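For the sequence shown, the tail end lands on 883 under the working numbering, and the numbers increase by one without skipping.
The beta-carbon is built from N, C-alpha and C at its ideal position, and this holds for glycine as well.
Just so it is clear, the structure is predicted and the values come from calculations on it, not from any experiment.
Right, one structure below, let's go through it.
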Amino acid sequence: MEAGDIEAERPLEIESMEEEEEEEAHHDQPQPQPIEIAKMKKPACLRDLLRNDSFLENGLGDDQVHGSRAAYWKATLMLAFQSIGVVYGDLGTSPLYVLPGVFPDGVINHDDEILGVLSLIFYAITLVSVIKYVFIVLAANDNGNGGTFALYSLLCRYADLNAMPNRQPEDREVSNYELELPSRGLKMASIVKSTIEKSTFMKYFILLVTLFATSMVMGDGILTPCISVLSAVSGIREATPALTDKAITWISVVILILLFQIQRFGTDKIGYSFAPILTIWFTFIGFIGIYNFVNYEPAKIIKAVNPWYILNYFATNKFNAWKSLGGVILCLTGSEALFADLGHFNVRAIRISACTIVFPSVICAYFGQASYLMQNKKDVGNAFYSSVPKKLYWPMFVIAVMAAVVASQSMISATFSIVQQSVALGCFPRVKIVHTSRKYAGQVYVPEINHLLMIACVGITIGFKSSLEIGNAYGIAVAFVLSITSSFLILVMIMKWNTNRIIVTVHALTIGLYELLMLSASLYKFVDGGYIPLIFAVVLVIIMCIWNYGDREKYQYQLAHKISIHELTQIASSPTIYRVPGIALFYTQLVHGISPLFTRYASQIKTLHSVLVFISIKSLHISKVPPNERFLFQRLESEGIPIFRCVVRYGYKDERRELWESFEVAFVDQLREFILANARLMRSYDSDGRELTVIDVERTQNELRLVDSALEHGDVTYLMGEGEMRASKNSSLWKKMMIDYGYNWLSRCVRQPDEVFMLPRQRLLKVGLTYEVQ
């Protein structure tokens, strides 16, 4: 019986038990008598006992409510300010390189081309960045967390997409699960859900697409610093034309290295440091844009709001207009960061900063540049710096370089968040996850990924030396991520939100089609640098697929070779097994059955502790599991031997590197509660022959004493398997390569499970086993 299924007739209160024992001791009775259930108070389940009282929350006075609202808005505004320095840097610095990317030859033939391109930029930002991301995608968050894996987790909860066979009915009882299955009347949602669940191909295809999108976001994390810093530093040529490309490249490399060195300080400190810089940047580009708009061709350039100029642009330029979409998409760089960085902030904070500062300033900047180009078409190759008034050039250059450094932060932070989610859900090799803020959950730093991004950024900057060529690569990465997010969003709209099919169709035919057109134009530049993010994504997807495949094969092996409760009881009660005091925590992947590692341990060591608990660490497809719902216990019945199973459940945003001391205390507290709430029932009869249900106090008290004694004397031992995967002789060559070389090599390179969970080495015993998979 699990903790969530405690029956109403099985309560046990400590006070009643202690009073009964004291009374029995007073009368010198040799054995404690059972306690009648009829005399006890009506119980609550264990989960309710540990949950905060809602009366306290709803019974606040007016002053307290007012104070809490004031504190909430203060925190939200602080996060909104921080988000400017983390989320919008990439999107905000896009005016540095968008128009040169749209007109790579530096030639504008007619004013209508400027109007057509500006109209494309205006509606791209309005439809994709504002309507899609700020107002729709942010609403598809998973308990306040965003990114590709957040959408994937939502889909996994509403349809059985999980490839790992470790689902339990009790998972749905977690308060953050928030599962509402489609009703029979909602045919579209039911049909889509049923189609996906019945197709093994669809399950693995959606997982593969998720991994590919994750890889592309990490590719953005590499390309964003390169293109932003190079574009900003290149502006110095306006003042010193003699400066060579090599010098600009090495200045950019130094800036990039310094940028990645400060990541260890965390999003909280970086956000406060960078936010003032970005605020000044947005103020400058907004006012300069307004200045240029007013002083050049305001009457003409305002016509770009009319979408007719988009149709006219395509009708006139045809193929060249389609190609230019590969440059237009650069104005959307960083839009995915709005969603992926959500775990660092919150929805309202991002919406406030986006609508009040970011997008008005960016729109003004583009309209100002376009207005300037109406009279200075030859300056399109360096449109941003050319349009800056001469008196403001040097201040603007300094701010631009600083803003470019900040711009890189959005995708770097997003990469850290997505890697954390990938690791938690078993789709990425184990790496160190550092939580950098005690105030704001979700702000993380990943040292290994930070070093990888730094090396890749330096290599690409030295190799390409030009923001124009990097832009070709950048456009493909951005386009793929936008399209995949839209595809997942449509599934969420159908399966979770039950959105009207007309609205879903309109979304697909407007925003979805626009993004696919930009993706097709970006792919045209494949040979001009577009292959870089694709190669990077393919390598990462291969690594993630190998890791996920190996983990699933290891789990399937243990599931196929699990031992039964009967075998467990036989081993535990064998006279050849020596019993020692203390608690043994046996870590295993399995949530169903007992791992074959236990048989090997018992046959080699021939010693068992007085209390044995099989612990399974499990990731749920939710962002966080409340601490009071983390432990799910089950008693494994055996003759007089206390053996339990405990599934320790985490969300993909939960911090797992708990100190083992605090973990022990929380674990033992929950175990004691479980023992009390699940005491063994016995049958007895009163003097009139009526049947009574009573509780075996002696066994319950004995188990509690064993647990308390083990914690008091530090007799808690951690047991963990350390096995090597090996493909059987009959396996295919493909499986042998995946398992024997790919997965085993990755396992040796990454952090081990005992390091991830910070288990005490002096109390850790590892059991070796070879997993021979078919």
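Of the choices the options, whose alpha-carbon is the least far from that of residue i?
| i | options | result |
| --- | --- | --- |
| P869 | I223, S771, N271 and L600 | S771 |
| S337 | M520, I674 and S725 | M520 |
| L316 | V882, N787, S856 and N657 | N657 |
| A565 | K663, I593 and L365 | L365 |
| S673 | S704, R857 and L625 | S704 |
| A479 | F635, F597 and F231 | F231 |
| K427 | V647, V237 and G225 | G225 |
| T202 | T809, L855 and V510 | V510 |
| V239 | F448, E306, G535 and F423 | F448 |
| S856 | Q679, M653 and S340 | M653 |
| V196 | I655, A533, I461 and N787 | I461 |
| S732 | E831, D763 and V756 | D763 |
| I651 | M846, D269 and A189 | M846 |
| K634 | L434, S303 and A351 | L434 |
| M483 | Y852, K838, E812 and V216 | V216 |
| A298 | T319, Q277 and L264 | L264 |
| N811 | Y481, A179 and S719 | S719 |
| P862 | W854, G830 and L186 | G830 |
| R346 | L625, W503, K432 and N429 | W503 |
Name the DSSP beta bridge partners of residue i, please?
| i | result |
| --- | --- |
| A836 | V882 |
| K875 | M829 |
| D251 | N254 |
| R744 | F753 |
| T716 | Y687 |
| F723 | F695 and R754 |
| S728 | Y759 |
| V543 | Y554 |
| I672 | I703 |
Quick one: Cα of residue i to Cα of residue j, how far?
| i | j | result |
| --- | --- | --- |
| F310 | Y666 | 22 Å |
| A836 | F695 | 26 Å |
| L873 | V825 | 9 Å |
| T392 | I466 | 8 Å |
| V283 | P735 | 8 Å |
| C440 | V207 | 6 Å |
| G535 | Q698 | 12 Å |
| L247 | R814 | 50 Å |
| S526 | V456 | 16 Å |
| L893 | Y852 | The chain is shown from 110 up to 883; residue 893 falls before or after that span and cannot be answered. |
| F866 | H670 | 26 Å |
| S629 | N485 | 31 Å |
| S575 | L561 | 21 Å |
| Q529 | G691 | 35 Å |
| P498 | D637 | 34 Å |
| I599 | I620 | 11 Å |
| L409 | V237 | For the sequence presented, residue 409 should be read as Lys rather than Leu. Each residue's Cα considered, the two are about 25 Å apart. |
| I750 | T685 | 15 Å |
| Y267 | I305 | 11 Å |
| L260 | D450 | 14 Å |
| Y422 | Y475 | 18 Å |
| Y623 | R709 | 59 Å |
| G253 | I245 | 14 Å |
Any heavy atom of the ligand GTP closer than 6 Å to the beta-carbon of residue i?
| i | result |
| --- | --- |
| A711 | What this structure holds is no ligand at all, so the ligand GTP is not there to describe. |
In or out: residue i buried (at least 16 other Cβ within 10 Å) or exposed?
| i | result |
| --- | --- |
| W390 | buried |
| V648 | exposed |
| R373 | exposed |
| F314 | exposed |
| N559 | buried |
| I784 | buried |
| L367 | exposed |
| H675 | exposed |
| Q905 | Residue 905 is absent from the model: the chain starts at 110 and stops at 883. |
| R610 | exposed |
| H219 | exposed |
| L618 | exposed |
| A322 | buried |
Whole alpha helix (DSSP H) elements within the region 441 to 472, 4-residue minimum: Those alpha helix (DSSP H) runs which fall completely within the region 441 to 472 and span 4+ residues are 444 to 449 and 456 to 462.
Alpha helix (DSSP H) runs wholly inside the region 327 to 380, at least 4 long, in chain order: Those alpha helix (DSSP H) runs which fall completely within the region 327 to 380 and span 4+ residues are 354 to 370.
Completely contained alpha helix (DSSP H) runs for the region 401 to 442, where each covers 4 or more residues: DSSP runs (the alpha helix (DSSP H)) wholly in the region 401 to 442: 407 to 410, 417 to 426 and 428 to 437.
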